[in-house]
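In what follows, a structure is listed as structure tokens, so that the remarks can point back to it.
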Amino acid sequence: MTASYSRLPEIDGDIHIAPQRPPFSWGKFWYFMGPGWLMSMAYLDPGNLEADLQSGAYSRYELLYVTFWSTVLGGLYQVLAARLGSCTGHHLAEICRAAYPRVVTYAVWIMMELVIIGCDIQEVLGTAIALQILFGLPLWIGCLITAADTLTFLAIDRRGNNKSSRYLETLFMGLIGIMCACFFVDFTVSKPSGIEITKGIVEPRIDSQNVMQAVGMLGSIIMPHNVYLHSALVQSHIVRSRRAVGPVKEANFYIGLEAVLALSVSFLINMFVISAFASTFYSQHVASGIICAVENGEVEESCTQCYTTKYVAGYCQQVGLKEAGEAVSSSLGHYAKIIWAVGLVASGQASTMTGTYAGQFVMEGFLDLRIAAWKRVAITRVMALGPALVVALLTEYDGFHSDIVSEMINVMQSVQLPFALSLYSMERWCSI
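The sequence shown begins at 440 in our numbering and counts up one residue at a time.
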């Protein structure tokens, strides 16, 4: 295993400019399809779902506009990251290594690894909680199963060629489809208000007690490791000649179009979750205390009885991923609980795989490591699985502590963004 800090080659030579982009082609769109759907999983991971359900339960539809504009802003960053990878043939971590001094490169890499580990804690715990809801398994066993499943799915891409990458991309599209179907069912059963949803999206407003919730939602949606990931994923659809601007522009068009489509679906799924919990558990009487009204007092120790906006009697308490299953079951029925858990499994598995990929690309790019693929997977998996197991063991019987950890992780994610986004303004890297 070796590491070097050789600089990346400049992109130079004669540029042959095409007069215009060729007409839209469904075949070419399908060819470039895949990276955007993998990238969109970071917008649908368990950390996002927890932020969504708490946003709905504690603030009703008030923060829907935060989700919408965070998705729009995140989409802009993702398109820029994809263009960077398409135009240069190098992903963002490699370019950071070339652009920053060695000390800065090491510092950014360490912070990036901490962010990835934090995200992985959310994702592994989310899947473990879903398995606990479905099968009654302890959280630590669910964490181990999640790790084993992730390595199994990653074996699909072990050859590293386009065909195996296609299998993995198709798997992710299927998982997103499962999430969309599951959360849409819970959304329709809860019968939310279309007028209130529209008002929440178009009318910016926020109460003082919801500021931290809004910051957490922003951090859970715009994830720094996802920017690195997207710039690397487009390499599987790489343009052979980067001196011909026409093909590069065409690739950028289809990659950007796919990103918009994938993130539109991700916003709808997040909206489904927020709306389902907003219409079922929000109580205006206790919203200032960052708690909601759950019908079943067995979810956690209850306090004063209160009423939801639908005048259903409930118990005032907090709610997180671990409590959401029983809360949904008591209000929407047992099958709604099962559907919620299945969607959470799909979210956790898919986002854990993308987190593992992001860890590989970050380690390779920042450190220029040349090691076998299975070793990279093992290293990144162990680095993230250990802390997840610790949190699982410490919060087995107290889910609110894991909720606090998840919220802290969401808030800290934005710290990494400036180091990556500053490169987008450099003409050396984004000149097409």
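Positions of the beta carbon are idealized from the N, C-alpha and C atoms, including for glycine. Since this is a predicted model, take the numbers as computed values, not measurements.
Cα-Cα separation between residue i and residue j, rounded to whole angstroms
i: Thr566; j: Lys776; result: 15 Å
i: Leu492; j: Ile713; result: 5 Å
i: Ala538; j: Gly804; result: 12 Å
i: His773; j: Ile572; result: 11 Å
i: Lys630; j: Pro540; result: 55 Å
i: Gln674; j: Val821; result: 26 Å
i: Leu570; j: Ser464; result: 42 Å
i: Glu489; j: Pro826; result: 19 Å
i: Asp559; j: Phe471; result: 27 Å
i: Val641; j: Tyr504; result: 6 Å
i: Lys688; j: Gly528; result: 14 Å
i: Ala481; j: Gly613; result: 15 Å
i: Asp625; j: Met656; result: 21 Å
i: Leu824; j: Gly581; result: 11 Å
i: Tyr516; j: Val758; result: 31 Å
i: Ile615; j: Ser786; result: 8 Å
i: Val543; j: His530; result: 18 Å
DSSP state of residue i mapped onto helix, strand, coil
i: Met472; result: coil
i: Ser632; result: coil
i: Pro461; result: coil
i: Ala645; result: The displayed chain sequence assigns Ile, not Ala, to residue 645. Ile645 falls in the coil class under three-state DSSP.
i: Tyr693; result: helix
i: Leu483; result: coil
i: Arg499; result: coil
i: Met662; result: coil
i: Asp807; result: coil
i: Gly825; result: helix
i: Gly616; result: helix
i: His530; result: coil
i: Tyr545; result: helix
i: Leu578; result: helix
i: Gly764; result: helix
For residue i, the nearest candidate out of the options (CA to CA)
i: Met550; options: Ala532, Leu564, Glu562; result: Ala532
i: Ala653; options: Trp465, Ser498, Asp484; result: Ser498
i: Pro643; options: Ser509, Gln517, Val542; result: Ser509
i: Ala701; options: Met478, Phe463, Trp465; result: Met478
i: His676; options: Gly475, Pro462, Pro461; result: Gly475
i: Thr793; options: Ile555, Ser770, Tyr693; result: Ile555
i: Thr637; options: Leu502, Val624, Met618; result: Leu502
i: Gln788; options: Gln517, Lys467, Val563; result: Val563
i: Phe622; options: Val784, Ile778, Ala817, Thr791; result: Ile778
i: Lys761; options: Thr609, Ala797, Gly798, Leu576; result: Leu576
i: Asp646; options: Tyr500, Phe468, Ile617, Ile818; result: Tyr500
i: Ala797; options: Ser769, Asn665, Met710; result: Asn665
i: Ala717; options: Asn691, Ala698, Ala763, Phe692; result: Ala763
C-beta atoms of residue i and residue j nearer than 8 Å
i: Tyr667; j: Val781; result: no
i: Leu832; j: Trp579; result: yes
i: Gly513; j: Ile661; result: yes
i: Phe574; j: Phe706; result: no
i: Ile534; j: Leu523; result: yes
i: Ile708; j: Ser525; result: no
i: Ser790; j: Asp588; result: no
i: Leu771; j: Thr719; result: yes
i: Ala521; j: His669; result: yes
i: Glu619; j: Val684; result: For the sequence presented, residue 619 should be read as Cys rather than Glu. Against a cut-off of 8 Å, the Cβ pair of Val684 and Cys619 comes out as no contact.
i: Leu696; j: Phe468; result: yes
heavy atom of the ligand ZN below 7 Å from residue i C-beta
i: Met480; result: Looking for the ligand ZN in the displayed structure turns up nothing, as the structure carries no ligands at all.
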